[in-house]
Structures are given as C-alpha cells and as structure tokens.
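Visitor: Please read through the structure below; I'll follow up with questions.
In this note's numbering, the protein residues as written are 2 to 208.
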C-alpha cells in the first residue's frame, strides 16, 4: 500500500537548506539528492505511456526547467543582499506567471481528468489514495518587502520569503518526481485504454 504522507517521512529527498546551498558550483540551488540522478531513477518507458500521461510528463519537464531558473534567481537575489536587477526580476516574474497560468492549469487538469479515475483504481486495488498538491502563498511576501522602508524589517521579510519559496520549490520537485515515477506508472498499469481516451478528452478542456 502506498501512503504518500508516510512516504514523505522516509523519503530520501530531504531539505538541504543548512548545507551551504548558496555556494554550490554548477548546480541548481537545490543540489538534487542521488534519488534524482539519472542512474538511480526507476526506468520509465515514456513511449509506451498513453498520450494523456505523456502530455502531463512533458509539462512536468517544462516545469522543472522553470523551477531551476527560479531557484538560481533566488540564490542570486539573496547573495546580492536582495537587490533586484532586471535579470532577477524577469526570472522571478516569469516563474510567478508560469505558476499562475500554467502550473495551476496543469494541476486542475490532473485533478479533474486523471486523478478521480486513478484514485478509484488505487482504492480498488488496495493502494492508498492520492495526496494533495503543494500550495503556497509565499510569493506575495517579496512584493510586500519592496514596500517596507525599514531595512531590518525588509531583510526579515525577504529572508522569510526566500526560505519559504525554496521549501515550496522543493515540494514541487518531489510532487513531480512522485507523479512521474510512482503515480503515472500505476495509472498506466491500472487504467484501461478506453478510460485513457476519456481522460485525454477531458484534459483538452484545460489549456
């Protein structure tokens, strides 16, 4: 039985906030643990996946690229003393827009088209139901910080927003990883071709 909440307690993906992440060389701000390395990933035959799952996995790939760019911008923003230059501002703004216009739509597509059927199939087969998607309200903190005149208060808010945003992107990474390498293979196993055709039709409503 797969209990995602229990798995989270034992998961090899742990927070690396205390491990000097701002001084990494050639890595993303979250140095991916070994579980993320290609040679340690479960083998997934993408080409054999139904079209509905392929579409979601392609969107995940784009999301990971956006997350990596966002994380790099966060580190640059902090190391500069939270001085916002045009490059950092552009990257942060792009991620916020991507989150609102793409990730939320992606999550709705999963929630409305795939997960109801998958959840029923998991329960029928004795597996645990699907956990919730990660959510955040931390991004508004950066906007708040720009309006604070007191340097000490502004730094506190920026530090809080930085840490919260890093934790959030880590949750997103873990969420995507579990879907690609646990939930989607289970969906492929448990859901029929006819049911996937209906899922694909429903997914097309969310663009």
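No residue lacks a Cβ here, since even glycine has one placed at the ideal position from N, Cα and C.
Quick check: what's the CA-CA separation for residue 167 versus residue 45?
Guide: What you label residue 167 is simply residue 166 of the chain shown in a count that begins at 1. What you label residue 45 is simply residue 44 of the chain shown in a count that begins at 1. Rounded to whole angstroms, the gap between the alpha carbons of residue 167 and residue 45 is 28 Å.
Visitor: Work out the CA separation of residue 81 and residue 73 for me, nearest whole Å.
Guide: As a position in the chain shown, residue 73 is number 72, starting the count at 1. As a position in the chain shown, residue 81 is number 80, starting the count at 1. So the alpha carbons of these two residues sit roughly 12 Å apart.
Visitor: Go through the stretch 150-202 residue by residue and report every complete run of the alpha helix (DSSP H) that reaches 4 residues or more, in order.
Guide: 152-179, 185-191
Visitor: Taking C-alpha atoms, which residue in 48, 61, 157 lies nearest to residue 170?
Guide: Numbered from 1 along the chain shown, position 169 holds the residue referred to as residue 170. Checked all of 48, 61, 157; the closest Cα to residue 170 is 61.
Visitor: Which parts of the stretch 33-91 are runs of the alpha helix (DSSP H), unbroken and 4 residues or longer, counting only runs that do not cross its ends?
Guide: 52-80
Visitor: Rounded to whole angstroms, what is the Cα-Cα separation between residue 96 and residue 122?
Guide: Along the chain shown, read from residue 1 onward, the residue named residue 96 stands at position 95. Along the chain shown, read from residue 1 onward, the residue named residue 122 stands at position 121. C-alpha separation (whole angstroms): 34 Å.
Visitor: Using only the alpha-carbon positions, how far apart do residue 203 and residue 113 sit?
Guide: Numbered from its first residue, the chain shown carries residue 203 at position 202. Numbered from its first residue, the chain shown carries residue 113 at position 112. Cα to Cα, residue 203 sits roughly 8 Å from residue 113.
Visitor: Find out if the Cβ-Cβ distance for the pair residue 187, residue 68 is shorter than 7 Å.
Guide: Along the chain shown, one-based indexing puts residue 187 at 186. Along the chain shown, one-based indexing puts residue 68 at 67. Taking 7 Å as the Cβ cut-off, residue 187 and residue 68 do not qualify as a contacting pair.
Visitor: Can we say the stretch 49-61 touches the stretch 103-119, given the rule of at least three CB pairs closer than 8 Å?
Guide: yes
Visitor: Considering Cα atoms alone, identify which of 109, 190, 206, 159 is closest to residue 49.
Guide: Indexing the chain shown from 1 puts residue 49 at position 48. For the residues 109, 190, 206, 159, the minimum Cα distance to residue 49 belongs to 190.
Visitor: Within 10 angstroms of the Cβ of residue 179, are there 16 or more other Cβ atoms? Answer buried if so, exposed if not.
Guide: Numbered from its first residue, the chain shown carries residue 179 at position 178. So residue 179 counts as buried.
Visitor: Near residue 26, which residues of its chain fall below 7 Å by C-beta distance, leaving aside the five closest residues on each side in sequence?
Guide: Working through the chain shown from its first residue, we reach residue 26 at position 25. Since pLDDT at residue 26 reaches only 41, below the 50 mark, its modelled position is unreliable, and the value read off the structure follows with that caveat. Result list for residue 26: empty, nothing under 7 Å.
Visitor: What three-state label does DSSP hand residue 94 in the structure shown?
Guide: On the chain shown, position 93 is the one that residue 94 refers to. In the structure shown, residue 94 sits in a helix (DSSP, three-state: H, G or I).
Visitor: Would you kindly work out how many angstroms separate the C-alpha atoms of residue 160 and residue 79, rounded to a whole number?
Guide: Residue mapping note: residue 160 aligns to position 159 of the chain shown, counting from 1. Residue mapping note: residue 79 aligns to position 78 of the chain shown, counting from 1. Inter-residue distance for residue 160 and residue 79 is about 8 Å (C-alpha atoms, whole angstroms).
Visitor: Note down, in chain order, each residue of its chain lying with its Cβ closer than 7 Å to the Cβ of residue 75, except the 5 sequence neighbours on either side.
Guide: If you number the chain shown from 1, residue 75 lands on position 74. Same-chain partners within the cutoff: 30, 163, 166, 167.
Visitor: Out of curiosity, what's the CA-to-CA distance linking residue 184 and residue 154?
Guide: By one-based count along the chain shown, residue 184 stands at place 183. By one-based count along the chain shown, residue 154 stands at place 153. Whole-angstrom Cα-Cα distance: 43 Å.
Visitor: Using the rule of at least 16 other Cβ atoms within 10 Å of the residue's Cβ for burial, across every protein chain shown, is residue 208 buried or exposed?
Guide: Working through the chain shown from its first residue, we reach residue 208 at position 207. By the 10 Å Cβ count, residue 208 comes out exposed.
Visitor: How big is the Cα-Cα spacing for residue 120 and residue 156?
Guide: Counting from 1 along the chain shown, the entry for residue 120 is found at position 119. Counting from 1 along the chain shown, the entry for residue 156 is found at position 155. Taking the straight line joining both Cα atoms gives about 43 Å.
Visitor: When burial is assigned at 16 or more other CB atoms within 10 Å of the CB, is residue 93 buried or exposed?
Guide: Counting from 1 along the chain shown, the entry for residue 93 is found at position 92. Buried.
Visitor: Note down the Cα distance separating residue 23 from residue 100, rounded to an integer number of angstroms.
Guide: Numbered from its first residue, the chain shown carries residue 23 at position 22. Numbered from its first residue, the chain shown carries residue 100 at position 99. At residue 23, the pLDDT of 44 sits below 50, so the modelled position is not reliable and the matter cannot be decided from this model.
Visitor: To which residues of the same chain is residue 70 closer than 8 Å at the C-beta, ignoring the five residues directly before and after it?
Guide: Taking the first residue of the chain shown as position 1, residue 70 is located at position 69. Cβ neighbours of residue 70 beyond the five flanking positions: 92, 95, 96.
Visitor: What first and last residue would you give for the alpha helix (DSSP H) that runs through residue 105?
Guide: Locating residue 105 in the chain shown gives position 104, where the first residue counts as 1. Residues 105-110.
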